[in-house]
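Numbered by the working numbering, the letters in the sequence shown go through residues 227 to 638 in order. Here a beta-carbon is modelled for each residue, glycine too, at the ideal position from N, C-alpha and C. Because the structure is a prediction, the values reported are computed rather than measured. Single-structure report; data block below.
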Amino acid sequence: MTAAGHTESMDAPDPCAGPTGTTRPHSGPREPTRPYTGPRESTRPCAAQTGTALPRTGPTGAPRPYTGPIETADWHTGGEPFRIVPVSPSAVTGPGLTVAERRTAAVADAEAQWTRALLCGEPRGHADMYGAFLVPPDDAGAHLGALFWHTDGFSTACGHGTIALGAWAVATGRVPAPADGTTDVVIDVPSGRVTASVRTAGGRVADVTFVNVPGHVHARGVEVETSYGTLTVDIAFGGAMYAVLPVAALGTGPRVRPGDVTALIAAGREIRDALNAADAAQHPDDPRLSGVYGTVFTEEAGSPVERPDGTRQLRHRNVTVFADGQVDRSPCGSGTAARVALLAGSGELRLGDELRHESVVGSVFRARIERLTTVRGRPAVVPAVTGTAYATGTGCFTVDPDDTLVPGFVLR
């Protein structure tokens, strides 16, 4: 236990160490050469400040949680940021709790909320920041546990984060993997146990497929009154509850494109808030998973492609507005899982078919039905979603004892 009240992980990997100790090539996927962009040093960035205890009071003398050096490893999945905190607040790392219970503890704990706000808000983050505290798994059947967070709180699931965690665990050596092959990284999250199957090639992570918790259609044809008139949405669970509708339902204005994101944020918030005010998304098993988490606006990105084996590829594009107006830069992993449940339920996506799901910035996830199942007697699917993630940097975040803008602020 450190002076910060954080549980020290003895095997936490050096966040600045390159994947498996290799040097990144000087060439990128689209251009023949590019400047070297690997880590400039291999020492732990917070090492020099370890044990430096900052005051527990601010300039006005008001008490505040300890905010000593916090190490992070930053990644992105399809453009969506993911900030990993290997050494997490003590309230969420103690023994005897499931990851779902740790989420409840995090919501109620001042230090966990402080740390989340510090790492999400400006000037250390931004309105669309996302990340996770690493926590112990429910049992020895998983490699690690994760509490996902964003500027609005703690979420129950995160597909892009699961992909990033799988890639990080293999790239840093936390979970051993062959130079060529597939390694399963098992992760306990608040919505259940998920598996990130990490494919390596030539000693590097090639892609990650996460097998999600079962997804199901919660309701179809739900009417909601908005400033666009009466809209009809479908609600599905993919680790969290999502309202899904064609973007064309908004009329001739917004489409799934970067220039329309502001309008889509406003519409997504309006739809989510109206549905939640009506208690339209109550989870059948766990009330902690109830409530619409995000709104998914969809459109076709091309005609279905018939494949030689008789299966087909659906081509869709989406933008997901989640939490309090955050926009997922990736195609949204749990939102994609909810979309798989809806398409499977309507018969549009069959076993063997693939959904090519494109984001508002052009990144792509590929999704399929891993297997069919049931949830409380209702049809459900176990979806598999494939994408990849890349390291973007490491951090050692601190707070000056005289800083008055803590834990930070959010502007949109």
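As assigned by DSSP and simplified to three states, the class of residue i
{"i": "Ala405", "result": "coil"}
{"i": "Thr546", "result": "strand"}
{"i": "Cys384", "result": "coil"}
{"i": "Asp499", "result": "helix"}
{"i": "Glu574", "result": "coil"}
{"i": "Val325", "result": "helix"}
{"i": "Leu568", "result": "helix"}
{"i": "Arg483", "result": "coil"}
{"i": "Cys558", "result": "coil"}
{"i": "Leu391", "result": "helix"}
{"i": "Asp629", "result": "coil"}
{"i": "Ser316", "result": "helix"}
{"i": "Gln539", "result": "strand"}
{"i": "Thr456", "result": "strand"}
{"i": "Gly634", "result": "coil"}
{"i": "Gln339", "result": "helix"}
{"i": "Pro416", "result": "coil"}
{"i": "Thr167", "result": "This structure leaves residue 167 out entirely; the chain is present only between 227 and 638."}
{"i": "Gly399", "result": "coil"}
{"i": "Pro363", "result": "coil"}
{"i": "Val439", "result": "coil"}
{"i": "Ala331", "result": "helix"}
{"i": "Ala610", "result": "strand"}
{"i": "Arg514", "result": "helix"}
{"i": "Ala506", "result": "coil"}
Residue closest to residue i, alpha-carbon to alpha-carbon, out of the options
{"i": "Leu569", "options": "His542, Ser556 and Ala549", "result": "His542"}
{"i": "Val313", "options": "Thr303, Glu327 and Phe359", "result": "Phe359"}
{"i": "Thr341", "options": "Ala326, Ser316 and Pro363", "result": "Ser316"}
{"i": "Thr546", "options": "Val522, Asn502 and Leu581", "result": "Val522"}
{"i": "Ala353", "options": "Gly517, Ala422, Glu306 and Pro295", "result": "Glu306"}
{"i": "Phe463", "options": "Arg425, Ala475, Cys384 and Val473", "result": "Cys384"}
{"i": "Val607", "options": "Thr488, Glu297, Pro440 and Ala474", "result": "Pro440"}
{"i": "Glu337", "options": "Ile296, Thr612 and Asp511", "result": "Ile296"}
{"i": "Asp629", "options": "Thr324, Glu327 and Pro349", "result": "Pro349"}
{"i": "Ala507", "options": "Val487, Asn544, Glu525 and Ala466", "result": "Ala466"}
{"i": "Ala331", "options": "Gly387, Pro416, Ser585 and Asp365", "result": "Pro416"}
{"i": "Val437", "options": "Pro321, Gly517, Ala564 and Thr478", "result": "Ala564"}
{"i": "His444", "options": "Ser572, Val396, Gly528 and Ala422", "result": "Ser572"}
{"i": "Arg309", "options": "Asp535, Arg638 and Cys622", "result": "Cys622"}
{"i": "Gly418", "options": "Asp499, Ala489, Arg328 and Ala503", "result": "Arg328"}
{"i": "Arg638", "options": "Asp335, Trp394, Val487 and Ala527", "result": "Val487"}
{"i": "Ser589", "options": "Pro605, Tyr616 and Val566", "result": "Tyr616"}
{"i": "Arg430", "options": "Thr478, Asp406, Ala469 and Ala368", "result": "Asp406"}
{"i": "Val587", "options": "Val625, Gly485 and Pro627", "result": "Gly485"}
{"i": "Val518", "options": "Asp335, Gly357 and Asp499", "result": "Asp499"}
{"i": "Pro321", "options": "Val566, Gly371, Ala343 and Arg514", "result": "Gly371"}
{"i": "Leu373", "options": "Ala326, Val625 and Val482", "result": "Ala326"}
Sequence-distant residues of the same chain with beta carbon closer than 7 Å to residue i, five excluded per side
{"i": "Leu577", "result": "Ile595"}
{"i": "Gly347", "result": "Thr377, Pro633, Gly634, Phe635 and Val636"}
{"i": "Pro472", "result": "Thr524 and Glu525"}
{"i": "Leu323", "result": "Ala331"}
Residue(s) in a DSSP beta bridge with residue i
{"i": "Ala445", "result": "Ile461"}
{"i": "Gly621", "result": "Thr298"}
{"i": "Ile491", "result": "Note: Ile491 sits in no beta bridge, so no partner."}
{"i": "His583", "result": "His542 and Phe591"}
{"i": "Gly520", "result": "Tyr468 and Phe548"}
Buried versus exposed, by CB contacts within 10 Å (16 or more), residue i
{"i": "Phe635", "result": "exposed"}
{"i": "Asp460", "result": "buried"}
{"i": "Leu575", "result": "buried"}
{"i": "Pro363", "result": "buried"}
{"i": "Pro285", "result": "With a pLDDT of 42 at Pro285, under the threshold of 50, the modelled position of that residue is not reliable, and no figure is offered here."}
{"i": "Leu457", "result": "buried"}
{"i": "Gly528", "result": "exposed"}
{"i": "Ala489", "result": "exposed"}
{"i": "Ser168", "result": "No information on residue 168 is available, as it lies outside the stretch 227 to 638 that the chain covers here."}
{"i": "Arg604", "result": "exposed"}
{"i": "Thr618", "result": "exposed"}
{"i": "Arg256", "result": "Model confidence at Arg256 stands at a pLDDT of 45, short of 50, so the residue's coordinates are unreliable; what they give is reported in the following sentence. That one is exposed."}
{"i": "Leu631", "result": "exposed"}
Cβ-based neighbour list, residue i, same chain, cut-off 6 Å, excluding 5 preceding and 5 following
{"i": "Thr510", "result": "A small fix is needed here, since residue 510 is Pro in this sequence, not Thr. Excluding positions up to five away in sequence, the list reads Arg602."}
{"i": "His386", "result": "Thr303, Glu306, Ser556 and Gly559"}
{"i": "Thr435", "result": "Ser423, Ala610 and Thr612"}
{"i": "Asp505", "result": "none"}
7 Å Cβ cutoff, residue i in contact with chain C
{"i": "Ala372", "result": "As a matter of chain content, chain C is missing from the structure shown, which is built from one protein chain."}
Proximity test, residue i beta-carbon vs the ligand COA heavy atom, cut-off 6 Å
{"i": "Glu348", "result": "As presented, the structure is devoid of all ligands, the ligand COA included, so that no description of it is given."}
Same chain only: Cβ atoms within 8 Å of residue i, ignoring 5 sequence neighbours per side
{"i": "Arg592", "result": "Glu580, Leu581, Arg582, His583, Val611, Thr612 and Gly613"}
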